[in-house]
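Have a look at the structure below, then the notes.
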Amino acid sequence: MKKVVKFGGSSLASAEQFRKVGEIVLADADRRYVVPSAPGKRYSSDTKVTDMLYQCYAAAEAGENEKYTELLNKIKERYLEIINGLGLNLSLEEEFQKIGTFFSEKAGKDYAASRGEYLNGIVMANYLGYEFIDAAEVIFFDKEGKFDADRTNQVLSERLAGQERAVIPGFYGSSVDGTIKTFSRGGSDITGSIVARAVKADLYENWTDVSGFLVADPHIIQDPKSIKLITYKELRELSYMGATVLHEDAIFPVRKAGIPINIRNTNQPEEEGTMIVQSTCRQAEYTITGIAGKKGFVAVNIEKDMMNSEIGFGRKVLEAFESQGISFEHVPSGIDTMSVFVHQEEFEGREQAVLSAIHRTAEPDMIELESDLALIAVVGRSMKSNRGVAARIFAALAHVNINIKMIDQGSSELNIIIGVKNSDFEGAIKAIYDIFVESQL
Ligand code: ASP
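Counting with our numbering, you get residues 6 to 446 for the letters of the sequence shown.
Pasting the structure below:
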């Protein structure tokens with residue numbers, strides 16, 4: 006068996022956390038490839054090393070030498086605390102010299118940020134006695150700056166074939182010109198997934214500071230139930246709607262290879278966490294797998310007599326959004342009406358340009374805007390085989406006097422999306438959670 010284990014920043018924030026990680030890795034001989042993040046926060050007001058690096062580089066770029074030196078020293082201290090706390094015989098002095106030179110040569114903010122993972126990888130490899138492999142040598146971006154999956158997979162799988170155990174730092178790789186480039190924030194999750202694909206792992210364990218995904222947001226529902234098993238598709242729907250534990254782009258490499266992901270808690274390693282799989286015959290524990298949502302949408306409601314028989318009407322309307330670079334979320338339609346849901350923030354600045362384009366090309370009878378809406382996705386593979394899910398959602402919302410503005414059920418029957426007022430958002434989630442989870446209907 007081969008397992009790839011990725012540890013997030015809070016799992017590696019101090020020597021004490023490193024020790025927990027060491028115990029986890031060494032407890033299972035299958036945990037052969039380790040992908041670390043940079044040291045994260047030790048307490049809530051602490052600063053992540055990645056953020057310190059961004060700030061430090063900005064100071065270097067602006068020629069603020071005092072601030073730069075002060076920040077760089079603080080970063081050094083973070084690593085020293087870990088190295089000394091673990092009693093390692095390791096010095097990063099030379100590495101910091103190099104970093105200083107690269108900073109003064111303006112090597113770029115991606116280079117700067119990537120050093121958090123790079124240095125932590127060196128520390129981790131030394132601590133575990135594993136080989137260190139610089140991600141810059143095995144993870145690549147293409148000419149357009151997009152992740153180059155094919156080249157990476159080829160080089161990385163060859164490199165790791167000869168390596169029984171290794172540490173590969175997360176978050177970065179090299180561009181075509183050899184400079185360092187990072188993924189977006191939280192991108193070590195992606196590296197872990199890429200490594201899992203390259204070694205054809207049996208499992209990708211992603212260790213963080215929560216015991217997996219929860220059925221609903223704990224800021225809204227007190228102590229929500231956790232999700233034991235979820236499919237990639239369900240997860241994609243929930244993450245898209247705001248449930249964040251894993252970087253969205255981390256799903257694709259392993260999904261392609263059919264490798265399950267197990268989200269685990271470094272501080273509670275005895276808990277099973279959440280298993281994310283390609284498919285399963287196991288029904289979800291509750292009829293629904295999870296609920297997630299986002300606030301801040303606008304509905305652009307368009308009416309036109311006989312719209313229904315006018316071929317090309319929808320295209321003209323959507324083109325007005327496209328030409329302004331605005332992506333739409335949902336387009337529920339009626340006989341002579343059509344609504345386009347967009348992000349309020351994105352839409353506000355370009356609202357008049359979009360509206361005049363719709364008027365010009367589609368010649369509607371009326372356009373009406375409705376702002377401050379929220380969308381809630383009720384997601385679950387078991388909905389397909391359970392009758393009355395929609396009815397139960399609507400009854401639950403009616404019961405607490407919440408007016409539904411929009412309903413959208415994809416033909417995959419994997420989710421039902423409902424639009425409500427921003428001010429009804431939390432209440433709606435509570436009502437849906439209660440009916441499916443608390444009362445287990
Ligand atoms: N250290 C990076 C960040 O803070 C990447 C990661 O932790 O996954 O975003």
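Even for Gly, the Cβ is constructed at its ideal location relative to N, Cα and C.
{"Item": "Is the distance from the Cβ of G385 to the Cβ of L419 below 9 Å?", "Value": "yes"}
{"Item": "Once DSSP output is grouped into helix, strand and coil, what is the label at A304?", "Value": "strand"}
{"Item": "For A289, which residues in the same chain have their Cβ closer than 7 Å to its Cβ, ignoring the five residues on either side in sequence?", "Value": "G385, R386 and S387"}
{"Item": "Should V345 be listed as close to the ligand ASP, given that the test is whether its C-beta is under 8 Å from any heavy atom?", "Value": "no"}
{"Item": "For the beta strand (DSSP E) containing L380, list its first residue and its last residue.", "Value": "M371 to V384"}
{"Item": "Starting from D115, follow the alpha helix (DSSP H) in both directions and report where the run begins and ends.", "Value": "K114 to L133"}
{"Item": "Do D194 and the ligand COA come close, with the Cβ less than 8 Å from some heavy atom?", "Value": "As for the ligand COA, it is missing from this structure, which binds only the ligand ASP."}
{"Item": "I want to check one thing, is the minimum distance from the CB of D254 to the heavy atoms of the ligand ASP below 8 Å?", "Value": "no"}
{"Item": "For the candidate residues N131, E66 and K11, whose alpha-carbon lies nearest to that of L93?", "Value": "N131"}
{"Item": "Would the C-beta of F333 count as close to the ligand ASP, meaning under 8 Å from any of its heavy atoms?", "Value": "no"}
{"Item": "Please name the residue in F146, D147 and V204 whose C-alpha comes closest to that of D167.", "Value": "For the record, residue 167 in the displayed sequence is Gly; it is not Asp. For the residues F146, D147 and V204, the minimum Cα distance to G167 belongs to V204."}
{"Item": "What does D413 pair with, by DSSP beta-bridge criteria?", "Value": "I422"}
{"Item": "Would DSSP call H252 helix, strand or coil?", "Value": "coil"}
{"Item": "Can you give, in chain order, each stretch of the alpha helix (DSSP H) that sits fully within the stretch 38-105 and has at least 4 residues?", "Value": "54-66 and 70-91"}
{"Item": "What is the C-beta distance between A433 and V442, in whole angstroms, given that I count them as a contact (C-beta under 8 Å)?", "Value": "Their Cβ separation, rounded to whole angstroms, is 14 Å, which puts A433 and V442 out of contact at 8 Å."}
{"Item": "Spatial neighbours of D341 within its chain, please: C-beta separation below 8 Å, excluding the five flanking residues on both sides.", "Value": "E308, K309, D310, M311, M312 and N313"}
{"Item": "Would you kindly check if the distance between the Cβ of I398 and the Cβ of I437 is under 9 Å?", "Value": "yes"}
{"Item": "Would you tell me roughly how many angstroms separate the C-alpha atoms of E71 and F188, rounded to the nearest one?", "Value": "30 Å"}
{"Item": "Assuming G27 contacts W212 under a Cβ cut-off of 8 Å, what Cβ separation, rounded to an integer in Å, is found between them?", "Value": "Wrong, their Cβ atoms sit about 12 Å apart, outside the cutoff."}
{"Item": "Residues bridged to R36 by DSSP?", "Value": "K8"}
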